[in-house]
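Protein chains in written order, with our numbering: chain A, 1 to 157; chain B, 1 to 157.
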DNA sequence: CTCGTTGGTTCAATGATTGAACTATAATAA
DNA sequence: TTATTATAGTTCAATCATTGAACCAACGAG
């Protein structure tokens with residue numbers, strides 16, 4: 001597919017990948033811990049980890065030898081994905097919150113405040129909303145699968 | 001599952017839902033247009049749309065009668081998801097870009113600038129990074145499926 | 001020399017997804 | 001009148017992904 005979203009989803013667009021990235025970020029980095037934490041079946045975990053490695057989001061490293069044991073780490077691309085996942089978590093928190101309250105809270109080291117992640121425009125610093133953004137086709141925009149109708153419509157608008 | 005991310009993913013955590021939300025946002029709102037644009041099979045589109053309606057992300061509205069024809073619209077929850085999807089698109093653009101360049105560009109109506117969506121801390125306005133955030137369990141944090149190990153680890157840290 | 005720990009693999013059963021063909025309603029054109 | 005087109009789906013068989021449970025292998029500790 002042509003669009004950045006679809007290509008992003010090709011890398012991490014299944015049910016488990018975002019949860020795996022979150023767990024690795026939070027320090028749950030070993031096979032058996034991931035199985036226990038997420039309740040994912042072991043063979044699927046193997047496949048998902050391999051796919052994420054292929055896609056450059058995580059890497060597998062030995063943390064000891066004799067016997068060799070491995071853990072999984074986020075790559076730069078993986079770490080770069082973490083804020084996006086936090087924004088999604090925040091959305092989940094707003095629209096699908098359990099009665100007990102937020103299961104997770106974020107604190108920003110830099111400023112020391114507890115905060116809720118927000119997607120903003122870096123030019124003016126304001127939070128963006130669906131009705132304050134105009135989307136237009138870029139140099140790579142084409143009418144392929146995933147943007148057949150969208151590409152036409154963006155060009156018209 | 002307990003965590004906000006997992007509950008968010010329960011609402012839109014499959015391959016097609018983010019693409020559907022994006023298309024609805026961009027004005028591709030009709031069944032046949034969605035099929036054409038995304039190349040999704042028709043029966044699956046039916047099921048995904050129904051699921052998104054059940055989950056409160058979109059709604060189905062007649063846009064004409066004789067014959068009655070329907071289109072799909074984002075609800076408030078759906079519109080609130082759009083910035084998150086833009087952030088994910090931006091990530092896809094950074095890490096899985098095609099040689100042709102960005103397929104899509106965003107302009108902020110409010111300030112008039114072309115921009116790349118960024119996830120920030122609203123307290124200090126800075127972009128957040130995986131290493132400048134501390135995650136801690138909130139009032140609803142519990143050691144259930146999806147946070148078995150994570151909950152323990154967060155409490156310790 | 002057996003047990004526990006870690007990091008997997010294998011396999012059968014189930015569920016999701018695909019692709020193609022088909023249906024229904026009404027407006028419009030010949 | 002009848003044929004055609006547009007929209008919004010449904011149905012069905014085949015394939016693919018996911019689940020759950022059991023099994024395997026390397027090594028260290030008791």
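All residues carry an ideal CB built from backbone N, CA and C; glycine is no exception.
Q. Going by the beta-carbon positions, is the gap between residue 101/B and residue 6/A smaller than 9 angstroms?
A. no
Q) By DSSP, does residue 120/B sit in helix, in strand, or in coil? A) strand
Q: State the DSSP-derived secondary structure class of residue 139/A, mapped to helix, strand or coil.
A: coil
Q. Got a sec: is the Cβ-Cβ distance from residue 106/A to anything in chain B below 9 angstroms?
A. yes
Q) Between 29/B, 132/B, 23/B, 118/B, which lies nearest to residue 69/B when the distance is taken from Cα to Cα? A) 29/B
Q | Simplified DSSP state of residue 133/A, which is helix, strand or coil | A | strand
Q: Mind listing, in chain order, the continuous beta strand (DSSP E) runs of no fewer than 3 residues lying wholly within the region 76-128 of chain B?
A: 104-108, 118-120
**Q.** Under 8 angstroms from the C-beta of residue 2/B: neighbouring residues of chain A
**A.** 98, 103
Q | Closer than 7 angstroms at the beta carbon, the chain A residues around residue 29/B | A | Within 7 angstroms Cβ-Cβ: nothing; residue 29/B doesn't reach chain A, min ~10 angstroms.
Q | Beta-carbon spacing of residue 88/A, residue 18/A below 9 angstroms | A | yes
Q: Go ahead and pull the three-state DSSP assignment for residue 40/A.
A: coil
Q | chain B within 9 angstroms of residue 50/A, Cβ atoms only | A | no
Q. Under 9 angstroms, do residue 11/A and residue 96/B count as touching if we go by C-beta distance?
A. yes
Q | Which residues DSSP lists as bridging residue 62/B, in chain order | A | 70/B
Q.
Rounded to whole angstroms, what is the Cα-Cα separation between residue 109/B and residue 132/A?
A. 5 angstroms
Q: Quick one: list the residues of chain A neighbouring residue 25/B, beta-carbon separation under 7 angstroms, in chain order.
A: 130
Q.
I'd like the span of the alpha helix (DSSP H) that includes residue 8/A, first residue to last.
A. 4-12
**Q.** Reduced DSSP secondary structure (H/G/I, E/B, other) of residue 57/A
**A.** coil
Q: Just tell me which of 71/B, 44/B, 98/B has its CA closest to the CA of residue 14/B.
A: 44/B
**Q.** Contact with chain B by residue 71/A, beta-carbon distance below 9 angstroms
**A.** no
Q) According to the neighbour-count rule (16 or more other Cβ atoms, all chains shown, within 10 Å of its Cβ), is residue 63/B buried or exposed? A) exposed
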